[in-house]
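To keep things clear, I will list the structure first and then write my remarks on it.
In this note's numbering, the protein residues as written are 236 to 452.
Below, the structure is given as structure tokens:
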């Protein structure tokens, strides 16, 4: 085999790995759902929102300021958007790297980088960091804080959060319809919320999940 042939074969292998025009292969897109799955998903989303509204109406557990509770009729949400629901592999990060995140009032708090998720939206790949608590006493959970193009306009300026669960097959459901506001959006005097890491800023508008609390619009 000549050197030229070997170089040609090598180039073909690289092209096969990255796709046409030197582009990386597209990450998973929105989760496909049949009619039955779509109905079940919509019911789960509605129940999630009802439960949260009921909790906020309960003076014993509400995050609202006292003056906001009497006229509270419910949180603000976008209409369900099935195109912003994903099932993604959690790409593990070895070593348990600690990440210091800034809180709204300026102090920092440590988290452990648990992995990355990558998804496709409108033909482009986007990667977000998934975090977990640094202190074992805080439990063992997966957390995805993020900013997007609506932050500070239609949604809370300090970003929004998603809680994730790792499935047996190593995937997580990243459903932006379940994105919720930090407690600072409802009561900034009482709460000191953690801000998302800089790398978790999406360049597009995520019009799904919770909107800015109406009392602060």
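We put the beta carbon where it would ideally sit given N, CA and C, even for glycine.
Rounded to whole angstroms, what's the CA-CA distance from residue i to residue j? Just pull it up for me.
i	j	result
residue 400	residue 412	15 angstroms
residue 405	residue 398	16 angstroms
residue 293	residue 286	11 angstroms
residue 313	residue 440	12 angstroms
residue 271	residue 317	13 angstroms
residue 341	residue 425	15 angstroms
residue 385	residue 332	29 angstroms
residue 376	residue 305	34 angstroms
residue 279	residue 417	21 angstroms
residue 361	residue 369	25 angstroms
residue 276	residue 319	12 angstroms
residue 410	residue 374	22 angstroms
residue 268	residue 419	34 angstroms
residue 257	residue 356	Legend: pLDDT at residue 257 = 43, less than 50; position of this residue unreliable, value from coordinates given subsequently. Taking the straight line joining both Cα atoms gives about 19 angstroms.
residue 467	residue 436	Here the chain covers residues 236 to 452 and nothing more, so residue 467 does not appear.
residue 371	residue 311	34 angstroms
Quick one, are the C-beta atoms of residue i and residue j less than 7 angstroms apart?
i	j	result
residue 363	residue 321	no
residue 349	residue 330	no
residue 421	residue 381	no
residue 407	residue 325	yes
residue 445	residue 415	yes
residue 263	residue 354	yes
residue 346	residue 328	no
Could you please give the first and the last residue of the uninterrupted beta strand (DSSP E) stretch that includes residue i?
i	result
residue 281	Residue 281 -> not in any beta strand (DSSP E); alpha helix (DSSP H) instead, spanning 270 to 292.
residue 322	320 to 324
residue 332	Note, residue 332: premise wrong, no beta strand (DSSP E); not H, not E.
residue 355	343 to 356
residue 359	359 to 368
residue 396	395 to 399
residue 408	406 to 410
residue 377	377 to 381
Among the options, which has the Cα closest to the Cα of residue i?
i	options	result
residue 379	295, 336, 440, 388	336
residue 309	424, 430, 281, 276	281
residue 423	383, 434, 351, 338	338
residue 225	277, 410, 434, 430	Any property of residue 225 remains undetermined from this structure, which presents the chain solely from 236 to 452.
residue 390	333, 332, 443, 278	443
residue 403	432, 323, 369	323
residue 428	319, 409, 436, 344	344
residue 365	276, 358, 260, 431	431
residue 260	358, 288, 307, 283	358
residue 461	371, 289, 295	Given that the chain is displayed from residue 236 to residue 452, the structure contains no residue 461 and the question cannot be resolved.
residue 315	295, 303, 283, 291	283
Determine, using beta carbons only, whether residue i comes closer than 7 angstroms to chain D.
i	result
residue 362	Annotation note: the requested chain D is absent from the structure, which comprises a single protein chain.
ask   = Three or more beta-carbon pairs under 8 angstroms between the stretch 295 to 304 and the stretch 390 to 398, yes or no?
value = no
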